[in-house]
Amino acid sequence: MKEIAFYLVDAFSDRAFGGNPAAVCPLEEWLPDDVLLKMAQQHNQSETAFFVRTDTGFELRWFTTQYEINLCGHATLASAHVIFEYLDYPHTEIVFSTRFVGDLKVTRSGDWLTLNFPAWGCEAVENPPALLFSTLGINGAQEVRAGRDYMVVLENQQQVEVLTPDIDAMMPLGKMVCVTAPGDEHDFVSRFFCPGEGVAEDPVTGSAHSMLIPYWSEKLGKTALQARQVSPRGGELRCELKGDRVLIGGQAALYLKGTVYLRSH
Amino acid sequence: MNIERNIMLTVDKRMQEIAFYLVDAFSDAAFSGNPAAICPLPAWLPDETLLRMTQQHNQSETAFFVRDKAGIELRWFTTQGEVNLCGHATLATAWVLFNEMGYPDPHIHFETASGRLTVTRDGDWLTLDFPACPTEPQTPPPEMLRALGIQTYVEARKGRAWLLVLENRQQVEAVKPDINAMTPGEHKVSITARGEGEYDFVSRFFSPGVALWEDPVTGSAHTMLIPYWSEKLAKTSLFARQVSARGGELRCELKGDRVRMSGRASLYMKGHLFLR
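Sequences listed follow chains G and X, in order. Going by the numbering used here, the letters in the first sequence line up with residues 1 to 265, in that order. Going by the numbering used here, the letters in the second sequence line up with residues 266 to 541, in that order.
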């Protein structure tokens, strides 16, 4: 029987039942991939992050209930929260080495943790697919752009909040869908829909902000931006554009701390 | 562990600390059985909080119980809302009381929305005593068979759910339903066949329309399966396996109009959650 520490952390929020939950398991050494996947399935969270401490930093990997994934912002933030708050880590910067996207840095400033991610561009879409509007339940948009995901720009926060999209029907679009607008009390707000994924609406999405920050930075003529993802759980992000990088800051809150008892199988 | 932080957590009056267990019911092997989250509460919290906790855990069921002089009150929540009965989470709760909370007697009585439920301990095996559910022959809707990808069956019956009897275990294991084709909220179905070796019968359970599609191990389905197989095999004690991907084992007994279902359980995780 192997004992493994377990944390369930709400990333990008400091409120109860807010933010985006991620399971985090610090490991002494790597376990077989099939064990990591079975653990992630047992936890049944959108992502379980596993990390192993090395001489120079931490190796970090992310699993959904289906497979290992390339990159996950909120589970990286959650892992950093665990290291800073609960593992006697004295420094203000963590370097995670990852398998698919190189080194990821997270810095701490008080309660706020900041991810340093590459900025992503997106291009205007002249003739957006009718299915995009019909599944969102809207007649049109201020602007539609596409990069890794679709970005649909609406007029105001309320229009983003009231959407009740048919997310399953978005499958033929072949992309995730981010909807954004200027915020009432924030520089911009957004929501993020993931057709075909276990969690149809992602509560708070770091990666979408890689695309949102450059866009709104140019639109609003400023590099520091306050953002809110207005999903039902909701989350707050302090954003900054820095050349070809984006800084995405968030708080995190521990929901659950426990011990996993791993029997040999 | 940062000690200062730890002290802060415990003295912060706005923060309530609640014990949390994740228990695999109906199995003693790793990553098998049916997982349930269990939270012992000092007193009942608002229903909305219980639902949000359940959604946060994102397990098929979270069981909450309050133990006081009058007895033990037990409630079950799915991510959709409160449910009136859940066998595997009851077994898991009894496991926590017996093994983690030093419950002294071999019998636990739970007061629930479905009346009093008793769990009895015999070594590693915990026994649920539930009402038997009779089934009647009935013709299944063709769209259900199509969704299940089943062309032929030995027998079809209906009680609290559909009961489809197939030829053998291989046929049960081979069933690959097109879950999207099944009508939400309808057609809960237990697929069963005579077992081989130590098993008297095997089964799988599909429940479209709720958050989980194939249930790993299903107590409620066995309230139908036990009377059926007991008559078919002319014996009252039966050993069953649910042949889902996770899998689980049940010792079964028919006793008049009651069924006894026994299973083992094991602890996957134990911890504390912090309610702000």
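Where is the CB? At the ideal position from N, CA and C, for every residue including glycine. From a predicted model like this one, the values you see are computed outputs, not experimental measurements.
Short CB-CB distance (under 8 Å) between residue i and chain G
i, result
"Arg317 of chain X", "yes"
"Ala295 of chain X", "yes"
"Phe539 of chain X", "yes"
"Ser531 of chain X", "yes"
"Lys219 of chain X", "Outside the shown range of chain X (266 to 541) lies residue 219 of chain X, about which nothing can therefore be said."
"Pro300 of chain X", "yes"
"Gln345 of chain X", "no"
"Phe291 of chain X", "no"
"Lys441 of chain X", "no"
"Asn364 of chain X", "no"
"Asn323 of chain X", "yes"
"Phe330 of chain X", "no"
"Phe285 of chain X", "yes"
Identity of the residues DSSP links to residue i by a beta bridge
i, result
"Trp62 of chain G", "G:Ala49 and G:Ile69"
"Gln226 of chain G", "G:Arg238"
"Gln507 of chain X", "X:Ser468 and X:Gly513"
"Trp112 of chain G", "G:Ser109"
"Tyr286 of chain X", "X:Ile303 and X:Lys535"
"Pro26 of chain G", "G:Phe51"
"Val153 of chain G", "G:Glu143 and G:Thr180"
"Leu87 of chain G", "Partner(s): none; Leu87 of chain G has no beta bridge."
"Leu519 of chain X", "X:Val524"
"Asp10 of chain G", "G:Pro21 and G:Ala253"
"Gln41 of chain G", "None, per the DSSP bridge assignment."
"Ala5 of chain G", "G:Thr259"
"Leu77 of chain G", "Its beta-bridge partners do not exist; DSSP assigns none."
Beta carbon proximity, residue i to chain X, threshold 8 Å
i, result
"Val260 of chain G", "yes"
"Ala16 of chain G", "yes"
"Pro118 of chain G", "no"
"Phe50 of chain G", "no"
"Pro272 of chain G", "Look at the range of chain G in this structure, 1 to 265, and you will see that residue 272 of chain G is not part of it."
"Ala227 of chain G", "no"
"Tyr67 of chain G", "no"
"Pro26 of chain G", "no"
"Gln251 of chain G", "no"
"Cys72 of chain G", "no"
"Asn139 of chain G", "no"
"Lys2 of chain G", "no"
"Arg263 of chain G", "yes"
"Leu256 of chain G", "yes"
"Asn44 of chain G", "yes"
"Pro172 of chain G", "no"
"Pro21 of chain G", "yes"
"Lys219 of chain G", "no"
"Lys38 of chain G", "yes"
Nearest-angstrom beta carbon gap, residue j and residue i [assumed within contact, 8 Å]
i, j, result
"Ile167 of chain G", "Gly206 of chain G", "20 Å between Cβ atoms; not a contact."
"Val204 of chain G", "Asn20 of chain G", "4 Å"
"Val106 of chain G", "Ala80 of chain G", "4 Å"
"Gly536 of chain X", "Leu241 of chain G", "The Cβ separation is near 39 Å, so there is no contact."
"Gln229 of chain G", "Arg191 of chain G", "6 Å"
"Ala11 of chain G", "Ala119 of chain G", "With a Cβ gap of about 20 Å, Ala11 of chain G and Ala119 of chain G do not count as contacting."
"Phe291 of chain X", "His353 of chain X", "6 Å"
"Cys122 of chain G", "Ala146 of chain G", "6 Å"
"Ser325 of chain X", "Leu350 of chain X", "Contact doesn't hold; Cβ gap of about 13 Å is too wide."
Listed by chain order, chain C residues near residue i by CB distance under 8 Å
i, result
"Phe6 of chain G", "Annotation note: the requested chain C is absent from the structure, which comprises protein chains G and X."
Counted within 10 angstroms of its Cβ, other Cβ atoms place residue i as buried (16 or more) or exposed
i, result
"Pro396 of chain X", "exposed"
"Gly528 of chain X", "buried"
"His374 of chain X", "exposed"
"Leu220 of chain G", "exposed"
"Gly460 of chain X", "buried"
"Leu498 of chain X", "exposed"
"Met366 of chain X", "exposed"
"Asp55 of chain G", "exposed"
"Lys38 of chain G", "buried"
"Asp187 of chain G", "buried"
"Ala476 of chain X", "Bear in mind that the predicted position of Ala476 of chain X carries a pLDDT of just 45, short of 50, making it too unreliable to give a figure here."
"Tyr7 of chain G", "buried"
"Met171 of chain G", "exposed"
"Lys453 of chain X", "buried"
"Tyr533 of chain X", "buried"
request  = Jot down the residue ranges of each uninterrupted beta strand (DSSP E) in the stretch 422-488 of chain X, minimum 3 residues, whole runs only, in chain order.
outcome  = 427-430, 454-459 and 466-471
task = May I have a chain-ordered list of the alpha helix (DSSP H) segments no shorter than 4 residues that lie completely inside the stretch 329-405 of chain X?
result = 352-365
ask   = Which runs of the alpha helix (DSSP H), 4 residues or longer, sit entirely within the stretch 187-231 of chain G?
value = 206-220
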